[in-house]
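For reference, the structure discussed in these notes is given below.
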Amino acid sequence: RKEVEQDPGPFNVPEGATVAFNCTYSNSASQSFFWYRQDCRKEPKLLMSVYSSGNEDGRFTAQLNRASQYISLLIRDSKLSDSATYLCVVNGKAGTALIFGKGTTLSVSS
Amino acid sequence: EAGVAQSPRYKIIEKRQSVAFWCNPISGHATLYWYQQILGQGPKLLIQFQNNGVVDDSQLPKDRFSAERLKGVDSTLKIQPAKLEDSAVYLCASSLTSGGNIQYFGAGTRLSVL
Numbered sequence: 231r232k233e234v235e236q237d238p239g240p241f242n243v244p245e246g247a248t249v250a251f252n253c254t255y256s257n258s259a260s261q262s263f264f265w266y267r268q269d270c271r272k273e274p275k276l277l278m279s280v281y282s283s284g285n286e287d288g289r290f291t292a293q294l295n296r297a298s299q300y301i302s303l304l305i306r307d308s309k310l311s312d313s314a315t316y317l318c319v320v321n322g323k324a325g326t327a328l329i330f331g332k333g334t335t336l337s338v339s340s
Numbered sequence: 325e326a327g328v329a330q331s332p333r334y335k336i337i338e339k340r341q342s343v344a345f346w347c348n349p350i351s352g353h354a355t356l357y358w359y360q361q362i363l364g365q366g367p368k369l370l371i372q373f374q375n376n377g378v379v380d381d382s383q384l385p386k387d388r389f390s391a392e393r394l395k396g397v398d399s400t401l402k403i404q405p406a407k408l409e410d411s412a413v414y415l416c417a418s419s420l421t422s423g424g425n426i427q428y429f430g431a432g433t434r435l436s437v438l
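Protein chains in written order, with the numbering used here: chain H, 231 to 340; chain Z, 325 to 438.
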């Protein structure tokens with residue numbers, strides 16, 4: 231089982247749509263969780279951290295289910311500018327680097 | 325605040341040649357990471373430094389890859405000799421501390437091995 235697995239994608243949605251990405255992780259000792267965004271031929275940039283209680287940042291909502299080792303990202307009212315690859319990221323074990331999923335590509339069209 | 329600086333941005337070499345990449349992290353960031361991102365994949369950690377000491381190099385192909393961070397600031401990553409499968413983007417990232425703290429990435433070096 232891969233350490234971080236994401237929906238394969240790509241997701242092609244119209245503007246204004248709601249889209250959800252899912253991610254599972256294998257290490258139950260993981261402590262930190264993030265969603266990064268990566269535009270084509272650019273570096274990954276932090277979109278948001280994911281907290282156990284769930285958290286929201288504008289149109290973006292992240293959820294964490296530790297029991298199921300599952301992370302989600304919901305994007306409401308999709309914009310053209312949301313088109314990117316979304317990387318699910320977890321902390322492997324304390325004191326070590328982050329582990330990235332392969333990413334899910336989102337394409338929002340007008 | 326200046327971000328993570330990397331150079332060169334692009335590099336094309338032939339197999340069996342050597343190449344070096346340079347990274348300057350965000351000022352004050354003690355932890356520095358080198359990642360390899362192959363097309364269609366997420367970044368994969370190659371090596372992690374805490375100041376000038378190596379924390380994790382378990383996924384670094386040590387027969388051909390080497391990295392150093394001599395004064396705890398800048399870092400270089402070297403490949404010698406390069407193979408075709410080394411074609412990838414090499415990303416440098418830094419964070420204040422290790423263990424899940426937010427990482428900031430440089431623009432990366434895109435390497436093509438012919």
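Ideal placement from N, C-alpha and C gives every residue a C-beta, glycine not left out.
These numbers were taken from a predicted model, which means no experiment stands behind them.
*asked:* Tell me which residues share the same chain as residue 345 of chain Z and place their Cβ nearer than 6 Å to its Cβ, disregarding the 5 neighbours each side in the sequence.
replied: The residues are 401, 414, 433.
*Collapsed DSSP secondary structure at residue 420 of chain Z in the structure displayed*: coil
_DSSP beta-bridge partners of residue 267 of chain H_ = H:275, H:316
*asked:* Looking at the strands, I want to know which residues DSSP matches up with residue 359 of chain Z.
replied: Z:369, Z:415
*Terminal residues of the continuous beta strand (DSSP E) containing residue 334 of chain Z?*
334-337
*Using a C-beta to C-beta distance shorter than 8 Å, which residues of chain H count as neighbours of residue 380 of chain Z?*
326, 327
*Under three-state DSSP, which class holds residue 409 of chain Z?*
helix
*Going along chain Z in order, which residues have a C-beta closer than 9 Å to the C-beta of residue 332 of chain H?*
364, 365, 366
*asked:* Please report the straight-line C-alpha distance between residue 435 of chain Z and residue 408 of chain Z, rounded to a whole angstrom.
replied: 10 Å
_Top-ranked residue by Cα proximity to residue 320 of chain H, from H:296, H:335, H:338, H:304_ = H:296
*Is residue 366 of chain Z near residue 331 of chain H, with beta carbons less than 9 Å apart?*
yes
*Just the C-alpha distance for residue 375 of chain Z and residue 410 of chain Z, rounded to the nearest angstrom, thanks.*
27 Å
*Identify which residue in Z:404, Z:335, Z:398, Z:363 has its Cα closest to the Cα of residue 354 of chain Z.*
Z:398
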